[in-house]
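**Student:**
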Amino acid sequence: MGEDDAHGKDRFTRVRRKPEATTGTPPGALTAPPADAAIPPTRIRVLWYDQDHCEEQESGEASICAAYAGRSGTTWIDVTGVGDPVVLQELGRTYGLHPLALEDIQNLRERPKVETYEGQKFVVFRLARISGSVSMEQVSAFLVGSTLITFQEDPIDPWEAVRTAIRGGAGRVRSAGADYLLYSLIDVALDEVFPVLEQLGDQLEDLEQAVIDNPTPETLSVIFSLKRELLMLRKTVWPEREVVLGLQQDLSGLIKDETKLYLRDAYDHAVQLMDMLETYRDLASNMLDAYLSSLSNRMNDIMKTLTIISTIFVPLTFIVGLYGMNFRYFPEIEWRYGYLFVWVVMAVVVVILFRYYRRKHWL
Amino acid sequence: MGEDDAHGKDRFTRVRRKPEATTGTPPGALTAPPADAAIPPTRIRVLWYDQDHCEEQESGEASICAAYAGRSGTTWIDVTGVGDPVVLQELGRTYGLHPLALEDIQNLRERPKVETYEGQKFVVFRLARISGSVSMEQVSAFLVGSTLITFQEDPIDPWEAVRTAIRGGAGRVRSAGADYLLYSLIDVALDEVFPVLEQLGDQLEDLEQAVIDNPTPETLSVIFSLKRELLMLRKTVWPEREVVLGLQQDLSGLIKDETKLYLRDAYDHAVQLMDMLETYRDLASNMLDAYLSSLSNRMNDIMKTLTIISTIFVPLTFIVGLYGMNFRYFPEIEWRYGYLFVWVVMAVVVVILFRYYRRKHWL
Amino acid sequence: MGEDDAHGKDRFTRVRRKPEATTGTPPGALTAPPADAAIPPTRIRVLWYDQDHCEEQESGEASICAAYAGRSGTTWIDVTGVGDPVVLQELGRTYGLHPLALEDIQNLRERPKVETYEGQKFVVFRLARISGSVSMEQVSAFLVGSTLITFQEDPIDPWEAVRTAIRGGAGRVRSAGADYLLYSLIDVALDEVFPVLEQLGDQLEDLEQAVIDNPTPETLSVIFSLKRELLMLRKTVWPEREVVLGLQQDLSGLIKDETKLYLRDAYDHAVQLMDMLETYRDLASNMLDAYLSSLSNRMNDIMKTLTIISTIFVPLTFIVGLYGMNFRYFPEIEWRYGYLFVWVVMAVVVVILFRYYRRKHWL
Amino acid sequence: MGEDDAHGKDRFTRVRRKPEATTGTPPGALTAPPADAAIPPTRIRVLWYDQDHCEEQESGEASICAAYAGRSGTTWIDVTGVGDPVVLQELGRTYGLHPLALEDIQNLRERPKVETYEGQKFVVFRLARISGSVSMEQVSAFLVGSTLITFQEDPIDPWEAVRTAIRGGAGRVRSAGADYLLYSLIDVALDEVFPVLEQLGDQLEDLEQAVIDNPTPETLSVIFSLKRELLMLRKTVWPEREVVLGLQQDLSGLIKDETKLYLRDAYDHAVQLMDMLETYRDLASNMLDAYLSSLSNRMNDIMKTLTIISTIFVPLTFIVGLYGMNFRYFPEIEWRYGYLFVWVVMAVVVVILFRYYRRKHWL
Amino acid sequence: MGEDDAHGKDRFTRVRRKPEATTGTPPGALTAPPADAAIPPTRIRVLWYDQDHCEEQESGEASICAAYAGRSGTTWIDVTGVGDPVVLQELGRTYGLHPLALEDIQNLRERPKVETYEGQKFVVFRLARISGSVSMEQVSAFLVGSTLITFQEDPIDPWEAVRTAIRGGAGRVRSAGADYLLYSLIDVALDEVFPVLEQLGDQLEDLEQAVIDNPTPETLSVIFSLKRELLMLRKTVWPEREVVLGLQQDLSGLIKDETKLYLRDAYDHAVQLMDMLETYRDLASNMLDAYLSSLSNRMNDIMKTLTIISTIFVPLTFIVGLYGMNFRYFPEIEWRYGYLFVWVVMAVVVVILFRYYRRKHWL
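See the structure below:
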């Protein structure tokens, strides 16, 4: 819970920060982490495969990648933990990665985007996760010829299923190249948003009932946190749609025509996600209107109660007060049936008011 | 009612779901239904016709289609129930259907779309129905040369009239090809939305009266459910408009120029539907504003009543309380016309307050 | 009033309806009216003119048109009442009108549009009228060479002035061709919207005063009906703007370049109408906000009154109640100036509260 | 005040009106003013200049212009008062002005626009003025070769400074042609909007204070009139932006390349005006929200006061009422310290309630 | 604080003002400051560098620039204080700066923009600063060949870090030309917005708590001032995004291809800023809704308290009033257990009302 809360709390205020001292340093420079930061150790996993073979290797050092640099087949280098500039620089040198792109890997608040440098594609996207609140992990990927290099902050592996498919040799992935692998990873990223949305949808449905039955300040803050999370998801999925479109319209030849067909499918999914997000946002806005209407309804209810009880008893209290006066010359007081008379008067008053309220649909 | 309710309840939370285990399986793979699912049996109806002849056949097996594969004239293969991967695969092999499109057939929450693969058009659209709440059934269609293959989940047949027209040989449909048949089915789908909208329009009109006469929490939840249904219809009709436009702008030669004239007509209908939907959505939003205003009006009414009665009787009660005091030395009490005097004072107070309220337009 | 009301009431729920039995009939088929429907009789007026001559003829039969089919000069065939399929079919045959367009003539809820068929333009637009509420009559027109055929539902003639101008031979209309005549009719249709808007504008101005002076539920329903009428006008004028633009950008040669200059002028008027409509819609929305604010103001007023009177008399009533207690040992009761003392206390309380309310700006 | 008020009041309801009788007259016809209308007399001022000379002439007759028709140098014909069709027709004949454009000059509610006719530019724009409320005067201009003809309704001269600059021979205006003169006039028109906006901005700032300190119904109507004026300005500046852009993108050669640089500058100013207008409209909308929130705050304040005083005195009144009962057998009444006991009870009640309200942050 | 406040207060009402007398002066003329204005003295700093050398000079006179005009390497002329037309004119002559651009430098409310004149780029952008409230300082820059001339109003130096990097010879800046220097300055300007946004984000977060816990009028005015500042930032960042895009799409050859890669990076940052701004604006709008909902909640709370206490004590007061009547013939008064009976009746009333409120979820 602690981890997630921290994510949730900071998510709107965390911005791209360069340490004060380095403002003015030339762009494209990599930043070493502050000495006292507890960065997770960098782990590099290399997965090489072609139609017939498949090899895996894992290390904390970037040096293991060099051997795969010119090799035929497809190489997938997956780097977990992006705080170590040494690893980035070594990979950058080996594969000729552009310094501006390398800098973006370290900036964990980049917007999803795709950029084309000479002979390479640089893609930034996000992995959505929900556990209590929604969190988004940034993933960067370089497509350099037949090599795909991915960078992620968090050691949780979202692509185990892709790895398993490669190892097992099932499906297209083994025979298709690195561009298809990139598509597969993005497709997983988009697919992961569906269960997140599903859960938010369930929360919306629960809310709807709560709003009508018992609108409390807590309901209100749940509505607003839902709106915030939908806003955040939208901010991610919208540019990811453009990322997929950008890859699909690639002219550099890095993306094969066959893969573009699959990207069209991924694009459809992104559009469907946007559709759902918009629908949910509309529903969440409706919810807020419903909340205010519900409060107004309750207020009317409260005021009706007050008005009915007050306006019935206020005249009655006046009447009984009237006969509590101490005038010496006060004819009714002496009457034989004065007390009865008062009750009759009060009954008449009550009946009249009841009818009035019935006519007004208040009862 | 049960069926419809279930549809209504789930409609916003149901999302594209791949079973957990298959995330990461290569895209384009068909999913066998879970063993315990009660899927309706697949039924295949083949309708073959040319200018002069017309043949019909029905079976649970896809094998009956093979005979029609190369035949001249127009073949319409209508598959009801899409849970059986065997049928899909067999049809896919016979007609060379693209695996990504086949996968989309099984995913019952696809967005309406049209896609062009080598020598084939793949179209997804929806059939709207209303019985209590609105439900939308997904229909997929392949146009492969002179063959049209349609897939639908539900065994209710919306196209009986088209079938009758083909059998009877009336109209253009017999002489025109498979592209015109596809147009006819889409036209029926669009036409079916009109009575649905009509019914929602009637509900809107009833609401309007209810909102002004007696705004209850129930009215509110009817407004919101109407807004939700209009939102859902919009989510369907909007991309269907694009589907029709996409077919109209076809460059592959699968859609004949003459059919494009008819598609233009269908496009006009889709635009008209969007117009009506937008109008209804505006009216539903107005309704909500009217609801809140109506509540405010009633609150003012309630408070006016309370204020008038309270402010008249509160001073009177004070006056009678005054003469209920037990002071030993209390001159008015001893007066001969003290009691009468009190009544005069109270009458004056009432008259003054009445005038005040009249001046304020409260009475 | 009856007629107009009926128009007004139905206007948002009337939709394109095909009789149940004919769903599935081939598009382009004309529908005979139901046997029991009271359709106004069809009337055909032919007006033929060239630079020097002008001929008029009127009949219930379409056969009178045949004579004009190939004649030089300009022929205007004006058909009132569109329920008779025989007339439509005969005209269709004589002038080669497209069946899809003929079907649209009968559908009285078409969206304004312009369509180009081989050698002919088909235009749908609307005539706005206001008498109590706003109503819109559909007009369809075919431009076939030098012949203009117009269809309208209602026997009221909006184009008498154009006819008079033709008869009198004044202005450009006699020397210009059928395309200029079409422009003239559309220009009249657009011009007719201005007085309608003017009247709605006057209603808006009256409302503004009413909203601030005395916001009643009736005011609210007038606001909403105004918003509905503006919405309806917008739904008509917006596509009419596109109709004019479509004619202006005509490539078929049916519209002469000189007429296009005039169409540009008509386009400016349509844009100006849209501008005014948007302004009025903004004002109507402001009105609604003003209404709610006005209600809130009144509520504050009401509550202030209640609060001031209540909070002054409630403590006083307590005080007089205090000395109405019957305790045997009750020192103040016995005081010589007890009664006077009570009045002094009450005066002090009133003064303090007055000052408090003055400081709060409530008095 | 009278003049301005009339402007202000009518400004949203005045629309393009053709007299009833002339509907159907051919477009492009000039309308003679109704006989009983008090039209200001037409005044024509001709200013001719080249690099070295400068001549001025003024008359009520259009005949003075003929002499300048073919002359080299730049001629500026400024017509004040546009009600006289004779003057328009004479100028139209002399300079070959298009009849449709001439008709637009008389219609004083045209939208700002630029139109190109053979060898001439026709421009409509507006001059904003503020004195109490905002008013907009229409100005039309023809650019025909080296002649600029301007038409304005109102005799107040906004371009005196331009005239002075021409007379004095200062700056570019003397050496540049009629296109630069046109730019200068439009630039003045745009510049005049800045002080208007400034004044509206000051009003907005004053309002903000008023809304928070003391929201009255008057404040509300000032907010709405501000919104209306911003709406009106927006309706004018937006198309003027397009006018400047249209002149800048001129292909006819009437606008010289050097003048286009200056028009780019004017375009920047128009964009800046739009920016400011949008900002002010946002602020005015905020103001309305602030107003409603402020009212809600006050209502809470009022209700708190009522609630605190009522709920303190209501129980006390009950208690004193209790001991005002006349039961024969009533033990407390007889107590020696009964009266003191009642005071103690009441004190306890008050203390408890105070604490309760303090805990709720109401005190 | 004083300085900042003044900035904050005026920021929406300050507009481009030409002194009255100069309206009509030819555009492109420089304005001398009013004689009594306290303008900060103009300071000119020249920084010249190439790969190997670096020279700095500072003066109050523009004459020091002349020496660098044709020299190879990169020259950066930084002018602080823009009120002195003599300096501007001298620089304008030396480097051939366009008069319209020079005029824009003096107008301190220009919109960020980029303009291309023959052989030079003119760029206007802004530096955001936050200290209490947000202020934006205007910076103008000319890129003329290998010379960059920057103008700023305020003597605070935001580019010290860039200067240091040039002096130290670190990074690309020394080897790259004046276009890269321009990019560096714009990048600093964009980077400076991030901490400003961060601080506004923190304020938003604090507000959220305040709104739910204790919504006061002060909270409201903080929300509105936040909305205003976000609006102002948006008005600046949005055109700056276009400035960067405009430089990136430069066709004049003034911006080298390599620098364009860096500008793409700056563009991404601008887009990210816009994203954050939009998110914050959405959150601020939510905040306002939350505020109103929170007020409604409190009102309900207040009214519930009033209603519960009133409706319990009002009937009780009636009852005790009843037995305070002085009728001579009043049976209950004489009862032995009359007093006890009254207490029982009152207890029953209280219990019934409690149950009623519990059922309504008010307790």
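Protein chains in written order, with the numbering used here: chain A, 277 to 639; chain B, 277 to 639; chain C, 277 to 639; chain D, 277 to 639; chain E, 277 to 639.
Glycine is no exception: its CB is placed at the ideal position from the N, C-alpha and C atoms.
Every value quoted in this text rests on a predicted model; they were computed, and no experiment measured them.
Of all the options A/V400, A/Q333, A/R385 and A/L616, which has the alpha carbon lying nearest to the alpha carbon of A/R439?
**Tutor:** When each option's Cα is compared against that of A/R439, the closest is A/Q333.
**Student:** Please return the same chain residues whose Cβ sits closer than 7 Å to the Cβ of D/D478, not counting the five positions on each side in sequence.
**Tutor:** Once the five neighbours on either side are set aside, D/D478 has no close Cβ partner at all.
**Student:** My assumption, with CB atoms under 8 Å, is that E/Q559 sits in contact with E/L480. Please give the rounded CB distance.
**Tutor:** Rather than Gln, the amino acid found at residue 559 of chain E in this sequence is Leu. Right, their Cβ atoms sit about 6 Å apart.
**Student:** Which ranges does the beta strand (DSSP E) cover as unbroken runs of at least 3 residues, wholly within the region 356-397 of chain A, from first to last along the chain?
**Tutor:** 389-393, all fully within the region 356-397 of chain A.
**Student:** Buried or exposed, going by whether 16 or more other CB atoms sit within 10 Å of the CB of A/H329?
**Tutor:** A/H329 should be labelled exposed.
**Student:** Rounded to whole angstroms, what's the CA-CA distance from A/Y599 to B/T593? Just pull it up for me.
**Tutor:** The alpha-carbon atoms of A/Y599 and B/T593 are separated by roughly 11 Å.
**Student:** Any C-beta of chain C sitting closer than 8 Å to the C-beta of B/I628?
**Tutor:** Taking Cβ atoms only, chain C never reaches closer than 8 Å to B/I628, which makes this a no.
**Student:** Can you tell me the Cβ-Cβ gap for A/R319 and A/G336, rounded? I've got them flagged as a contact below 8 Å.
**Tutor:** About 6 Å separates the two Cβ atoms, so the contact holds.
**Student:** For E/R504, which of D/M563, D/R385 and D/K389 has the nearest alpha-carbon?
**Tutor:** Among D/M563, D/R385 and D/K389, the Cα nearest to that of E/R504 is on D/M563.
**Student:** According to the neighbour-count rule (16 or more other Cβ atoms, all chains shown, within 10 Å of its Cβ), is B/S570 buried or exposed?
**Tutor:** The residue is buried, with at least 16 neighbouring Cβ atoms inside 10 Å.
**Student:** C/V519 by DSSP, collapsed to three states: which one?
**Tutor:** Residue state, collapsed to three classes: helix.
**Student:** Determine the closest residue to C/I488 out of D/E484, D/S561, D/A338 and D/E494, with distance taken between C-alpha atoms.
**Tutor:** Considering only alpha carbons, the answer is D/E494.
**Student:** What is the rounded straight-line gap between the Cα of B/L640 and the Cα of D/S572?
**Tutor:** No answer is possible for residue 640 of chain B: it lies beyond the span of chain B, which begins at 277 and ends at 639.
**Student:** Pull out every residue of the region 578-600 of chain E whose Cβ sits closer than 8 Å to any Cβ of chain A, in chain order.
**Tutor:** Hits within the stretch, in order: M579, K580, L582, T583, S586, T587, V590, P591, T593, F594, G597, L598 and G600.
**Student:** Give a yes or no on whether the minimum CB-CB distance between D/Y615 and chain C is below 8 Å.
**Tutor:** Closer than 8 Å: yes.
**Student:** Compute the distance between the beta-carbons of C/L403 and C/E331, then report whether it is under 8 Å.
**Tutor:** No, they are not a contact pair.
**Student:** In angstroms with no decimal places, state the Cα-to-Cα distance between D/Y344 and D/W324.
**Tutor:** Whole-angstrom Cα-Cα distance: 8 Å.
**Student:** Quick one: Cα of B/S561 to Cα of B/W514, how far?
**Tutor:** C-alpha separation (whole angstroms): 19 Å.
**Student:** List, in order along the chain, the chain D residues whose C-beta lies closer than 9 Å to that of C/Y325?
**Tutor:** Within 9 Å Cβ-Cβ: nothing; C/Y325 doesn't reach chain D, min ~14 Å.
**Student:** Evaluate the contact criterion for the region 383-398 of chain D versus the region 512-529 of chain D: three or more CB pairs, one atom per stretch, below 8 Å.
**Tutor:** Enough Cβ pairs lie closer than 8 Å, so yes.
**Student:** Counting only Cβ pairs nearer than 9 Å, list the residues of chain D close to C/S561.
**Tutor:** Within 9 Å Cβ-Cβ: nothing; C/S561 doesn't reach chain D, min ~10 Å.
**Student:** Kindly identify the DSSP beta-bridge partner or partners of C/V410.
**Tutor:** Per DSSP, C/I406.
**Student:** Decide yes or no for the touch test of the region 415-425 of chain E against the region 369-387 of chain E: beta carbon pairs closer than 8 Å, at least 3 of them.
**Tutor:** Judged by Cβ distances under 8 Å, the region 415-425 of chain E makes contact with the region 369-387 of chain E, as three or more pairs qualify.
**Student:** Helix, strand or coil for A/S561 per DSSP?
**Tutor:** If DSSP states are grouped into helix, strand and coil, A/S561 belongs with the helices.
**Student:** For the structure I just gave you, are there three or more beta carbon pairs, one from the region 615-623 of chain E and one from the region 615-628 of chain D, closer than 8 Å?
**Tutor:** At 8 Å Cβ cutoff, the stretches do not touch.
**Student:** Tell me which same chain residues have a C-beta within less than 8 Å of the C-beta of B/R557, skipping the five on either side of it?
**Tutor:** K503, L506, L507 and R510.
**Student:** Tell me whether the beta-carbon of D/V358 lies closer than 8 Å to the beta-carbon of D/I340.
**Tutor:** Going by C-beta atoms, D/V358 is not nearer than 8 Å to D/I340.
**Student:** Quick check on B/A342: buried or exposed, where buried means 16 or more other Cβ atoms within 10 Å of its Cβ?
**Tutor:** Exposed.
**Student:** Around the Cβ of A/P388, are there at least 16 other Cβ atoms within 10 angstroms (buried) or fewer (exposed)?
**Tutor:** With 16 or more other Cβ atoms within 10 Å, it is buried.
**Student:** Of the residues B/S409, B/D360 and B/A437, which one's Cα is nearest the Cα of B/E429?
**Tutor:** Ranking B/S409, B/D360 and B/A437 by Cα distance to B/E429 puts B/D360 first.
**Student:** C/N573 CB to nearest chain B CB: under 8 Å?
**Tutor:** No, C/N573 lies away from the interface with chain B (no Cβ there is under 8 Å from its Cβ).
**Student:** Whole-angstrom Cβ separation of D/I609 and C/R634, contact assumed at under 8 Å?
**Tutor:** Not a contact, Cβ separation roughly 42 Å.
**Student:** What first and last residue would you give for the beta strand (DSSP E) that runs through B/R321?
**Tutor:** Looking at the DSSP string, the run of the beta strand (DSSP E) that includes B/R321 is R319 to Y325.
**Student:** Alpha carbon to alpha carbon, what distance is there between D/G444 and C/V519?
**Tutor:** Computed Cα separation, rounded: 52 Å.
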